[in-house]
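**Q** First the structure, then my questions, so here it is.
Protein chains in written order, with our numbering: chain A, 18 to 502; chain B, 522 to 640.
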C-alpha cells in the first residue's frame, strides 16, 4: 500500500474499488508503526490481531468501511487497555465501549492502537505520560504538544490514517498545530463523552485528528449526535459535514480577534498567520478586526475550573474497584493516601491539590464561583462577536514546538502554551487547527497551526472555512523525515 | 482592567520572577499539607515544598480575576447545556458480575476485597 492512500478519502476510494482490502490497510498501518514508532513513540500498544479479525467482517460499503483509526488512551474500547498513561490504571482493561467507538464501528471504522498522552490528559507536551515520552516527528528532541500528543504524532508521522483525541483546553488543536496535522474540537455537547475518562466534565470533548479537513468532517459525521448515555450531549441536528466543503469563502466574514495577536508570539508564527489571513481574503472572505476583551482571563478561569472538576472526577481512583492499590494498608485512610500517592504523577497531584483548594470551605466563592462568573463574560464575548462574523481566525499556539524538558519545571509556563485554545472550551464553541507554514529553528522545520473558531454547533461553517484555506495551500502535504508510510 | 491585561500577556516571553509583576499581591493561604489530606493524597515533604511554591505562583496569577467586575453576572457551570435531563427508569443491558469486578485489585469468592473500615 503506498502513501497516496494516507487519508480517509483516498483509502476509502481504494477500498471501494477493491484495490486495497481493510486487512491491507490494518497491516499497512502496523508496518508503518513498526518502521517509525521506535523513534516517535506515539503508540502505547497496538492489537493488530483483533483489528485484522475485525477487518475480515467489516462492511466496506459504509462511510468509514475498513478505515483504521488510532485511539487516545483515555477512550474506552472494550477488551483493550485504557490506562490514561497513568500508573494508577496500569493493567486496566475497558469493560465497555465509549459511544464514539460504537459509532465509529457502526460507520465501518476499525479502532487500531492506543496513543500516548499526558497522564489523565493533564498537560501540553505529553511529557506527563507515566509510560513514555513521545517525540515530535519533525524534530525528535522536541515535544509533540499535548495532551493528545500521541494521536498528533502518529498521524503526522504517517503511522495512522486518522486518530481520535480529546480536548479540554486545547489538547486536540495544540498538538495538531505543533505536529502539522488537522485537529478538530467539536462544540461542547456535539459528541458524546460516554466512555471518555473524565478530566473536566464541563470542558472535555472528543474530536478527530487527521491528515485533511475533509477527513475530520467524515469522522465527525460518524461520531456526532445526541446520546442517551451522556446527558450533556445535545439533541441538535447532525448535518453532512462534508456537504459545504466547496473551497469558496465568498460572502464569509472572518474576525481577527486583536487579543490573539499580541507581544510575545513567535515572529515566524505571526508571519505565517498573517500570510494565511491574506490567503483567506484572496479566497473571497472579508476580514474584520474584532475584540474579545475577557480573553486575558481565560487561562486563570480555566486553571480554577478545570482543576476543581478534576479533583472531583479523580476521587474515583481509590484503589477499591479497579486500578492500583497500595500494599498492606494499616487502615482506610492509609489505603487511600498511599494508593493515590503511588498511582498519580506529579502534574496530576498538583492539579488535585489546586482543585481541592479552590473548592474548599472559605475559598469556594473567591475562586470557583468567581471563575464561573468570568466564564460567563468570556461566553458573552464570543456570542456578541459571532453576531458580526462567521468565524474567527488566529494562531493556534504562540510558539512552535519547544524542546523536551524546556518547561517541565515551570507549570505556569506550560499552562500558557494553551493560551489561544482555552477560551473555546470555556465558551463551548468549536475550533480547528490546520497547518499554515513552518518555522525554522535550529535547523529544524517546525509546523505552525492556524486556528479557526465558530459558534456553538456551527461545525459546518468551521469546516468549510478551514477546508477552503487548506485546499488553497500545500502545507498539509508536507511530510517529516520520520515518516512511516 | 487594561493595567492588568498587559502583564498577563508578558508571560509569554517571561521565565520566572512572578513577584516582579505583581509585587503587592500575596493571596496565597494555601496549605498544601492540609489540602492533600482533604484530597486523600499522601505527599512527601519534598512534594509539599515544591507544590507550595509552584501553586503559590499559579494562585498569584489567577488572582487577576479579583479585578474583574462580576456584579450581577450569573455563573456558568457549563458553557451550553440542557439542564434537568431525565430518562426513563427502565432496565437496560449492563455489565455482568464478572465484567464488573474483572479489574478489581483484590478479589475473593467472586467479590471485591476491601480494606477494613471498622476497627
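All C-beta atoms, glycine included, are put in the ideal place defined by N, C-alpha and C.
Quick caveat: nothing in here was measured; it's all calculated off a predicted structure.
Who are the neighbours of residue 574 (chain B) on chain A, taking C-beta pairs under 7 Å?
**A** Within chain A, no residue comes near residue 574 (chain B); the closest Cβ sits about 10 Å away, beyond 7 Å.
**Q** Answer with buried or exposed for residue 523 (chain B), where buried requires no fewer than 16 other C-beta atoms within 10 angstroms of its C-beta.
**A** Only weak support exists for where residue 523 (chain B) lies, its pLDDT of 34 falling under 50; the value from the coordinates is given anyway. When all chains shown are included, residue 523 (chain B) counts as exposed.
**Q** For the region 581–609 of chain B, which residues have a beta carbon sitting closer than 7 Å to at least one beta carbon of chain A?
**A** 582, 583, 585, 586, 589, 591, 594, 595, 596, 597, 598, 599, 600, 601, 602, 603, 606 and 608
**Q** Give the residues from the region 462–493 of chain A that approach chain B closer than 7 Å (Cβ to any Cβ), ordered along the chain.
**A** 473
**Q** Interface residues of chain B around residue 450 (chain A) at Cβ under 7 Å?
**A** What residue 450 (chain A) touches in chain B: nothing, since even the nearest Cβ is about 18 Å away.
**Q** Compute the distance between the beta-carbons of residue 240 (chain A) and residue 120 (chain A), then report whether it is under 7 Å.
**A** yes
**Q** How far does the alpha helix (DSSP H) with residue 25 (chain A) in it reach, from first residue to last?
**A** 25–33
**Q** Identify whether residue 470 (chain A) lies in helix, strand or coil by the three-state DSSP scheme.
**A** strand
**Q** Can you say whether residue 153 (chain A) is buried or exposed, counting buried as having 16 or more other CB atoms within 10 angstroms of its CB?
**A** buried
**Q** Measure the Cβ-Cβ separation of residue 77 (chain A) and residue 127 (chain A) and say whether it is below 7 Å.
**A** no
**Q** By a C-beta neighbour count over all protein chains shown, 10 Å radius and 16 as the cutoff for buried, is residue 634 (chain B) buried or exposed?
**A** Sixteen is the threshold: since fewer than 16 other Cβ atoms of the shown chains lie within 10 Å of the Cβ of residue 634 (chain B), the residue is exposed.
**Q** Can you list, in chain order, the residues of its chain with a C-beta nearer than 8 Å to that of residue 158 (chain A)? Leave out the 5 residues immediately preceding and following it.
**A** 152, 420 and 421
**Q** Listed in chain order, which residues of the region 606–636 of chain B have Cβ atoms closer than 8 Å to some Cβ of chain A?
**A** 606, 608, 616, 620, 621, 622, 623, 624, 625, 626, 627, 633, 635 and 636
**Q** Applying a beta-carbon distance threshold of less than 8 Å, which residues of chain B neighbour residue 340 (chain A)?
**A** 624 and 626
**Q** Checking contacts by CB at 7 Å: is residue 229 (chain A) closer than that to chain B?
**A** Not an interface residue.
**Q** Along chain B, which residues have their Cβ under 7 Å away from the Cβ of residue 314 (chain A)?
**A** 585, 586 and 589
**Q** Confirm, please, whether the CB-CB distance from residue 214 (chain A) to residue 297 (chain A) is below 7 Å.
**A** no
**Q** Say whether the region 253–262 of chain A touches the region 382–392 of chain A, bearing in mind that this needs 3 or more beta-carbon pairs closer than 8 Å, one atom from each stretch.
**A** Cβ pair count under 8 Å is below three, so no.
**Q** In angstroms, rounded to a whole number, what distance separates the CA positions of residue 537 (chain B) and residue 572 (chain B)?
**A** The predicted model places residue 537 (chain B) with a pLDDT of 37, which falls under 50 and marks its position as unreliable, so this point remains unresolved.
**Q** Within this structure, are the beta carbons of residue 221 (chain A) and residue 164 (chain A) separated by less than 7 Å?
**A** no
**Q** From residue 483 (chain A) to residue 348 (chain A), what distance separates their C-alpha atoms?
**A** 56 Å
**Q** Anything in chain B within Cβ reach of residue 393 (chain A), meaning under 7 Å, just list it in chain order.
**A** 594, 595, 596 and 597
**Q** Give a yes or no on whether the C-beta atoms belonging to residue 68 (chain A) and residue 94 (chain A) are separated by under 7 Å.
**A** no
**Q** Could you compute how far the alpha carbon of residue 556 (chain A) sits from the alpha carbon of residue 176 (chain A)?
**A** Beyond the ends of chain A as shown, which are 18 and 502, falls residue 556 (chain A); an answer cannot be given.
**Q** Going by the CB atoms, is the gap between residue 375 (chain A) and residue 325 (chain A) shorter than 7 Å?
**A** yes
**Q** Which residue marks the beginning of the beta strand (DSSP E) containing residue 181 (chain A), and which one marks its end?
**A** Unbroken beta strand (DSSP E) run through residue 181 (chain A): 179–183.
**Q** Sort out for me which residues DSSP pairs residue 271 (chain A) with in a bridge.
**A** A:304 and A:408
**Q** To the nearest angstrom, how far is it from the Cα of residue 444 (chain A) to the Cα of residue 399 (chain A)?
**A** Straight-line measurement puts the Cα of residue 399 (chain A) at about 7 Å from the Cα of residue 444 (chain A).
**Q** If you run the structure through DSSP and keep just helix, strand and coil, what is residue 493 (chain A)?
**A** helix
**Q** Using a Cβ-Cβ cut-off of 7 Å, state whether residue 560 (chain B) counts as contacting chain A.
**A** yes
**Q** For residue 19 (chain A), count neighbouring C-beta atoms within 10 Å of its own C-beta (all shown protein chains included) and say buried if the count is 16 or more, exposed if not.
**A** exposed
**Q** Pairs of beta-carbons, one from the region 350–370 of chain A and one from the region 297–308 of chain A, closer than 8 Å: are there three or more?
**A** no
**Q** Taking the C-alpha atoms as reference points, what is the distance between residue 595 (chain B) and residue 606 (chain B)?
**A** Inter-residue distance for residue 595 (chain B) and residue 606 (chain B) is about 21 Å (C-alpha atoms, whole angstroms).
**Q** Give, in chain order, every residue of the region 320–341 of chain A whose Cβ lies closer than 8 Å to some Cβ of chain B.
**A** The residues in question are 320, 321, 328, 332, 335, 336, 337, 338, 339, 340 and 341.
**Q** So, is residue 36 (chain A) buried or exposed, given that buried needs 16 or more other C-beta atoms within 10 angstroms?
**A** exposed
**Q** Could you give the distance in angstroms between the alpha-carbon of residue 473 (chain A) and the alpha-carbon of residue 309 (chain A)?
**A** 16 Å
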